[in-house]
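Take the position in the sequence shown, starting the count at 1, then add 17; the result is the number in this note's numbering.
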Amino acid sequence: MHGRARRVATCSCYNFLFTLKTIPAQGEECLARLPQRVPVSATKPAARPVPGRRIGIHTSVAGGVSKAAERAYHRGCNTLQIFSTSPRQWKPSSIDAAEARLFLKLREKYDLRPLAIHDNYLINLASADPVIREKSIEAFRGELERAVLLEAEYLIAHPGSAGGGDRREALVRFIVGMEHAARGLSLGRLRILIENTAGGGGALGCDHQFEEVRAILRLADRIPLGCCLDTAHLYQCGMDVSQAAGLDAVVERFERAVGLDCLHVIHTNDSKTALGSRADRHQHIGEGRIGIEGFRRILNHAKLRDKAFILETPIDKEGDDLRNLNTVRGLVAPEGGRSGAAATERRAVPSPAAHAPRRTVSRNRNGREIVQPAGNRA
Ligand SMILES: [Zn+2]
Ligand SMILES: [Zn+2]
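Structure, rendered in structure tokens:
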């Protein structure tokens with residue numbers, strides 16, 4: 018498959034014809050630090066979900082995926098993100114079928130949806146290096162297979178890195194790499210969510226007009242796609258979501274460029290690093306540059322509140338995950354009320370339709386959803 022010239026599509030965002038000659042750039046590693054070791058509590062849940070909202074956290078699968086469901090439930094989550102294999106190793110781990118069935122049962126029992134799986138950090142489908150690229154395609158195929166096995170709604174993927182090379186060529190390599198990895202697989206209801214990045218090391222997906230994410234969603238029309246926005250990454254790449262005007266401007270630009278229907282998950286992380294630093298360092302909610310009031314606005318924004326909010330905050334000491342979740346739940350306003358009221362007193366409202374279980378999505382439908390006028394594809 019390498020060395021074969023292939024015309025992919027025209028992209029109105031860049032207004033030029035992408036032509037792929039080879040598929041191959043360099044490894045990029047996400048710097049986000051995610052929790053790996055969290056004990057499972059045998060006691061009753063330490064917190065309860067906020068009715069009508071989907072709030073969760075990246076959860077350890079130590080001891081098996083079913084343990085992740087227990088951990089999430091005990092922390093009052095009704096959505097969660099996991100790794101389905103070690104995020105920093107090429108060699109994949111396998112998931113026991115009985116364990117997968119138990120995980121599904123527990124998700125059902127605890128109403129944990131959507132399930133998001135974050136892909137391995139070593140994967141760089143945009144790489145110009147043929148070895149990295151080959152490994153990335155194989156690893157991404159494994160991510161897809163495990164996501165289907167676990168009946169995940171979403172597989173979250175970074176668009177990879179162009180290194181110092183041409184970004185447009187890297188974008189095309191990313192798209193074609195995804196297509197190669199998914200070839201022949203039945204993805205069921207799985208949707209791949211492209212995550213915005215902080216932009217360090219030539220990472221794709223960090224421009225302020227969301228042109229690169231938009232280009233991916235337009236061009237990769239054989240695969241069901243959507244978006245995940247990471248609040249820390251937005252801030253680190255120079256979009257000031259800590260301020261009301263900055264947040265409104267970002268939401269408006271995203272809505273115009275990509276469409277809010279395509280946005281399914283918000284990675285809810287404060288930023289340890291400065292505005293525009295391009296350095297991907299997550300911080301506890303309210304203790305970073307975005308701050309408590311910034312998150313109050315993000316969590317209660319009328320155009321965002323039906324999304325799944327999933328934290329990837331650090332665990333510096335035991336209990337930090339629950340503390341961050343409680344901070345977020347405490348900031349969420351009840352329907353039509355002031356933010357910050359006690360979550361347990363809120364009236365139950367229907368769950369967001371965006372995360373309804375058993376949603377089947379066809380590939381064709383994906384393209385139509387994402388591309389508003391039909392005339393923009395080659
Ligand atoms: Zn990520
Ligand atoms: Zn993230």
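Backbone N, C-alpha and C define an ideal beta-carbon position, used for all residues, glycine too.
DSSP three-state assignment for residue i, whether helix, strand or coil
i	result
A187	helix
I332	coil
C244	strand
S294	coil
V78	coil
V268	helix
L280	strand
F312	helix
A220	strand
A319	coil
R306	coil
R363	Because R363 sits at a pLDDT of 34, beneath the cut-off of 50, its placement in the model cannot be relied upon, and the following sentence gives the value as read from the coordinates. Coil.
G357	In this predicted model, G357 has a pLDDT of only 46, less than 50, meaning its place in the structure is not dependable; the value taken from the coordinates is given anyway. Of the three classes helix, strand and coil, the one that applies to G357 here is coil, per DSSP.
S83	helix
I140	coil
Q300	strand
Q106	coil
G263	helix
A325	strand
R88	helix
G6	Residue 6 falls outside the range modelled here, since the chain spans only 18 to 395, and no answer is possible.
K38	Any answer about K38 is weak, because its pLDDT of 25 lies below 50 and its placement is not dependable; what the coordinates show is given next. In this structure, K38 counts as coil in the three-state DSSP scheme.
Distance cut-off 7 Å: residue i Cβ against heavy atoms of ligand 1
i	result
D287	no
I173	yes
D323	no
E196	no
E229	no
H281	no
E212	yes
H91	no
H135	yes
Distance between beta carbons of residue j and residue i, contact taken as under 8 Å
i	j	result
I233	P176	6 Å
R190	Y138	R190 to Y138, Cβ: 18 Å. No contact.
A89	T76	5 Å
C223	V282	Actually they are not in contact, since the Cβ atoms of C223 and V282 sit about 17 Å apart, beyond 8 Å.
H225	M195	No, H225 and M195 are not in contact; Cβ-Cβ is about 24 Å, not under 8 Å.
A215	D136	That pair is no contact at about 17 Å.
F312	L348	6 Å
L264	H318	7 Å
P68	T96	14 Å between Cβ atoms; not a contact.
R70	G93	R70 to G93, Cβ: 11 Å. No contact.
I154	A198	5 Å
Q98	G73	7 Å
Limits of the unbroken alpha helix (DSSP H) element including residue i
i	result
Y171	Note, Y171: premise wrong, no alpha helix (DSSP H); beta strand (DSSP E) at 171-174.
T344	337-348
R235	228-236
beta-carbon residue i near ligand 2 non-hydrogen atom, thresh 7 Å
i	result
E162	no
D247	yes
H250	yes
H284	yes
E125	no
E310	no
E116	no
E329	yes
N-terminal and C-terminal residue of the beta strand (DSSP E) that residue i is part of
i	result
G124	In the sequence on display, residue 124 carries Arg and not Gly. It is not in any beta strand (DSSP E) - R124 instead sits in the alpha helix (DSSP H) that spans 114-127.
I149	Note, I149: premise wrong, no beta strand (DSSP E); alpha helix (DSSP H) at 147-166.
I99	96-99
L132	132-135
E212	208-212
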